[in-house]
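Worksheet: one structure, shown below.
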Amino acid sequence: MTKEYKEELIKEAIKARENAYAPYSHFMVGAVLVADDGTLYHGCNIENSAYSPSNCAERTAFFKAISEGKRSFLAIAIVGGEENSDPKEWNFCPPCGVCRQVMAEFCDKDTFEIVLCEKDNVIKSYVLKELLPFGFSL
Ligand code: THU
């Protein structure tokens with residue numbers, strides 16, 4: 040995956056973040072998931088006053104895609120930052136453990152790429168096995 044394509048995915052994740060519903064944490068996350076045919080699925084975090092029904096941006100993107108019949112994925116880009124903040128202020132927003140486990144259900148541990156961004160320009164990417172070593176599977 041080229042640097043230019045990663046930058047494009049980060050821009051899409053920033054767009055996805057605009058729809059985040061985070062009135063409790065005020066931390067807004069956006070994700071864009073790339074299916075094997077190149078289709079993009081956008082997701083944002085969706086919180087709830089009862090807290091535990093909240094959903095992360097990454098899982099929103101995955102569940103949208105899975106529910107549309109997609110089963111094979113190449114990459115996900117994720118951004119996150121405080122409400123009303125500028126992308127230049129954001130730190131890396133690596134996926135939580137639950138989202139990593141969802142990735143492991145559908146993605147190749149050796150090739151699925153997780154693209155992260157900091158301060159609007161430093162892009163790092165990891166393959167799933169780096170972020171979820173020794174993950175559970177049946
Ligand atoms: N959040 C995500 O959307 N993705 C992550 O990987 C970590 C955290 C959300 C959950 C909650 O709405 C807010 O960020 C603060 O934890």
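The numbering of the sequence shown is our numbering, which starts it at 40 and goes up by one.
For glycine and all other residues, C-beta sits at the position ideal for the given N, C-alpha and C.
Spatially closest choice to residue i from the options, by CA coordinates
{"i": "S124", "options": "D159, P172 and C95", "result": "D159"}
{"i": "M67", "options": "A74, K42 and E128", "result": "E128"}
{"i": "L155", "options": "T78, D76 and F131", "result": "F131"}
{"i": "P62", "options": "C138, E121, I153 and K54", "result": "E121"}
{"i": "P134", "options": "S176, L72 and N87", "result": "L72"}
{"i": "P126", "options": "D76, I49 and V141", "result": "I49"}
{"i": "A116", "options": "L177, T41, E51 and V137", "result": "E51"}
{"i": "P172", "options": "D75, K148, E157 and G119", "result": "K148"}
Any non-hydrogen atom of the ligand THU within 7 Å of residue i CB
{"i": "E86", "result": "yes"}
{"i": "F66", "result": "yes"}
{"i": "G120", "result": "no"}
{"i": "E128", "result": "no"}
{"i": "C138", "result": "yes"}
{"i": "A96", "result": "yes"}
{"i": "S124", "result": "no"}
{"i": "C135", "result": "yes"}
{"i": "A61", "result": "yes"}
Sequence-distant residues of its chain with Cβ nearer than 7 Å to residue i (five each side left out)
{"i": "I85", "result": "Y60, S93, N94 and T99"}
Other residues of its chain near residue i: CB distance less than 6 Å, five sequence neighbours each side excluded
{"i": "A96", "result": "V68, G69, A70, G82, C83 and N84"}
{"i": "Y80", "result": "L72, A100, K103 and A104"}
Extent of the continuous beta strand (DSSP E) to which residue i belongs
{"i": "L113", "result": "F112 to E121"}
{"i": "I85", "result": "Where I85 is concerned, there is no enclosing beta strand (DSSP E), given that its DSSP letter is neither H nor E."}
{"i": "E152", "result": "E152 to E157"}
{"i": "A52", "result": "It is not in any beta strand (DSSP E) - A52 instead sits in the alpha helix (DSSP H) that spans K42 to R56."}
Residue range of the alpha helix (DSSP H) that includes residue i
{"i": "K168", "result": "L167 to L170"}
{"i": "A100", "result": "A96 to S106"}
{"i": "A143", "result": "G136 to F145"}
Beta-carbon proximity list for residue i, same chain, < 8 Å, skipping 5 on both sides
{"i": "F145", "result": "F101, I105, R110, S111 and F112"}
{"i": "R139", "result": "L167, L170, L171 and G174"}
Would you be able to state if there are at least three C-beta pairs under 8 Å between the stretch 157–172 and the stretch 93–104? Not touching, per the Cβ criterion.
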